[in-house]
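Residue numbers are given in my numbering: position 147 of the first sequence equals residue 172, and the series is strictly consecutive.
Note that the Cβ used here is the ideal one computed from N, Cα and C, for glycine as well.
Keep in mind it's a predicted model, so treat the numbers as computed, not measured.
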Amino acid sequence: MAASSFFTEFPHLLTPSAPIEAPWLSRCATQVAPDLLGCLLVRQFPDGTCLRSVIVETEAYTPGDPACHAYRRRTTRNAIMFGPAGFTYVYLIYGMYHCLNVVTDVDGAPSAVLLRALQLETVAAIANPRQEKPHRVAAGPGKLCRALELNLSHTAQPLQPDRALWLEHRPPSLDTPLQSEAIAITQTTRIGLTQGADRPWRWYISDSPAVSRR
DNA sequence: TACGGGATCTGT
DNA sequence: CAGATCCCGTAA
26 MAASSFFTEF PHLLTPSAPI EAPWLSRCAT QVAPDLLGCL LVRQFPDGTC LRSVIVETEA
86 YTPGDPACHA YRRRTTRNAI MFGPAGFTYV YLIYGMYHCL NVVTDVDGAP SAVLLRALQL
146 ETVAAIANPR QEKPHRVAAG PGKLCRALEL NLSHTAQPLQ PDRALWLEHR PPSLDTPLQS
206 EAIAITQTTR IGLTQGADRP WRWYISDSPA VSRR
């Protein structure tokens, strides 16, 4: 299967790939965010079933970034961002949606990557009451957490295999130089911000139908 | 203790 | 384009 069709078509039959470890995430969020495109997010539900998905849209939030929740100071909510990489940062937005971040960079550098959209391997395993098109079910940070049933109990959790959430590297079939060239990435400014809106720190897989917005 | 803003989504 | 809905940071 060509790399391009992998992202434009429904990614059935995703197979396990090598887990992403903390050191790989211990880089600047603006480096990690585009690197996470094409990687897999695995959700293990309380009953033990796993749902795999392809990360297709991300945003970076860094130290010194006025849009970053850790911009002002360390608080109870953002404390996890100040620690080492490899943990989740989940927060409640507008009283009804949650957003999932991956903590990045070294200990003491508060930063994270917001996961904005996923292409799920299958929607048969999750509730889809609105009968949405499968590739739109996780198209947006709030919808993503709704689909994966993530809430505040999932913040500050380590991203490790056999936990509630973990990351895996791009499938080997996509990791060769030739095929990676087929993964066109678009870089734009971030969505919905009142501060720091000028920084071009949003990335998405250009031809993915699961991207939240163009 | 009180107040109000917010990295969203949906239907009109 | 307005409304839903609530945690938490900030000020008092």
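Does residue i come out as helix, strand or coil in the three-state DSSP assignment?
i: residue 44; result: strand
i: residue 105; result: helix
i: residue 66; result: strand
i: residue 220; result: coil
i: residue 110; result: coil
i: residue 50; result: helix
i: residue 213; result: strand
i: residue 264; result: One cannot answer for residue 264 here, as it falls past the ends of the chain, which runs 26 to 239.
i: residue 57; result: helix
i: residue 39; result: coil
i: residue 259; result: This structure gives no information on residue 259, because the portion of the chain shown stretches from 26 to 239.
i: residue 230; result: strand
i: residue 124; result: strand
i: residue 92; result: coil
i: residue 238; result: coil
i: residue 85; result: strand
i: residue 137; result: strand
i: residue 80; result: strand
i: residue 225; result: coil
Near residue i, what residues of its chain come up, given a Cβ to Cβ distance below 6 Å and the 5 sequence neighbours on each side ignored?
i: residue 51; result: 110 and 131
i: residue 218; result: 92
i: residue 118; result: 124
i: residue 220; result: 91 and 92
Near residue i, which residues of its chain fall below 7 Å by C-beta distance, leaving aside the five closest residues on each side in sequence?
i: residue 225; result: 212, 213 and 214
i: residue 107; result: 95, 99, 133 and 135
i: residue 121; result: none
i: residue 153; result: 162
i: residue 41; result: 193
i: residue 223; result: 214
i: residue 165; result: 141, 142 and 237
i: residue 49; result: none
What whole-angstrom Cβ distance do residue i and residue j have, given they're in contact under 8 Å?
i: residue 78; j: residue 175; result: Contact doesn't hold; Cβ gap of about 12 Å is too wide.
i: residue 235; j: residue 143; result: 7 Å
i: residue 141; j: residue 180; result: That pair is no contact at about 17 Å.
i: residue 195; j: residue 64; result: 6 Å
i: residue 216; j: residue 238; result: 6 Å
i: residue 115; j: residue 177; result: 6 Å
i: residue 191; j: residue 71; result: Between residue 71 and residue 191 the Cβ distance is about 15 Å, and since that is not below 8 Å, they are no contact.
Residues in its own chain within less than 8 Å of residue i by CB, not counting five upstream and five downstream?
i: residue 210; result: 59, 62, 228, 229, 230 and 231
i: residue 17; result: Nothing about residue 17 can be read from this structure; the chain reaches only from 26 to 239.
i: residue 75; result: 67, 68 and 69
Is residue i near the ligand HEM, going by C-beta to nearest heavy atom under 7 Å?
i: residue 99; result: In terms of ligand content, the structure shown is empty, and the ligand HEM therefore cannot be addressed.
Along the chain, which unbroken stretches of the alpha helix (DSSP H) at least 4 residues long are found entirely within the segment 141 to 204?
For the segment 141 to 204, whole alpha helix (DSSP H) runs of length 4 or above, ordered along the chain, are 166 to 172.
Segment contact, 8 Å Cβ cut-off, at least three pairs: the segment 128 to 146 with the segment 167 to 186:
Verdict: yes, contact present.
For the 8 Å Cβ check, are there 3 or more pairs between the segment 158 to 174 and the segment 92 to 111?
Short answer: they don't touch.
Could you tell me whether the segment 148 to 158 touches the segment 88 to 98, using the rule of 3 or more Cβ pairs below 8 Å?
No contact exists between the segment 148 to 158 and the segment 88 to 98.
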